[in-house]
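Below is one structure, written out as structure tokens; the observations come after it.
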Amino acid sequence: MLEYANHQDIRQRLWDELETARAEHVAASRQFDLTVHESPSGLPHPDGVLRMQQVGRNAGSALQDYMRALKRFTDFTLNGTIPPDLLPPAP
Numbered sequence: 140m141l142e143y144a145n146h147q148d149i150r151q152r153l154w155d156e157l158e159t160a161r162a163e164h165v166a167a168s169r170q171f172d173l174t175v176h177e178s179p180s181g182l183p184h185p186d187g188v189l190r191m192q193q194v195g196r197n198a199g200s201a202l203q204d205y206m207r208a209l210k211r212f213t214d215f216t217l218n219g220t221i222p223p224d225l226l227p228p229a230p
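Numbering (my numbering), first residue to last: 140 to 230.
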């Protein structure tokens, strides 16, 4: 059985990861929205296409990281599933 202190430590670590991922997702989404709205017509100029692709990839990657962190936190909170990278080393 997982000791209470270890349970709290794991929960806090997963919560911190979730909050960090959420903040990064919000920032990447805002940057994407700003980039889209920089062009009055909604269509980027030729040099802006690469920039649009980059911020789109960043926003997608941040969303994936957020969903991964949310799943890790939820699995631990609801099911007690400890992510493999947080398991104590085998004796």
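Think of the CB as a built atom: it goes at the ideal place given N, C-alpha and C, for glycine as much as any other residue.
Between ASN145, ASP148, THR159, which lies nearest to ALA208 when the distance is taken from Cα to Cα?
Residue THR159 is the option with its Cα nearest to ALA208.
Check the Cβ-Cβ distances between VAL188 and every residue of chain D, and say whether any is below 7 Å.
Included in the structure is just one protein chain, with no chain D present.
Quick one: grab the DSSP three-state call for THR159.
Note: THR159 maps to helix in three-state DSSP.
So, LEU153 versus ARG211, is the Cβ gap smaller than 7 Å?
Yes, these two residues count as a Cβ contact at 7 Å.
Sorted by chain position, which residues of the same chain lie with C-beta nearer than 8 Å to ASP204's C-beta, five sequence neighbours on each side aside?
Result list for ASP204: ALA160, GLU163, HIS164, in chain order.
Do ASN145 and ALA167 have their C-beta atoms closer together than 7 Å?
No, Cβ-Cβ distance for ASN145 and ALA167 is not below 7 Å.
Please report the distance separating the alpha-carbon of MET206 from that of ASP155.
The straight-line gap from Cα to Cα measures roughly 14 Å.
Using 8 Å for Cβ pairs, my map puts LEU225 next to ILE149. What's the rounded Cβ distance?
Contact flag correct, Cβ pair sits at about 6 Å.
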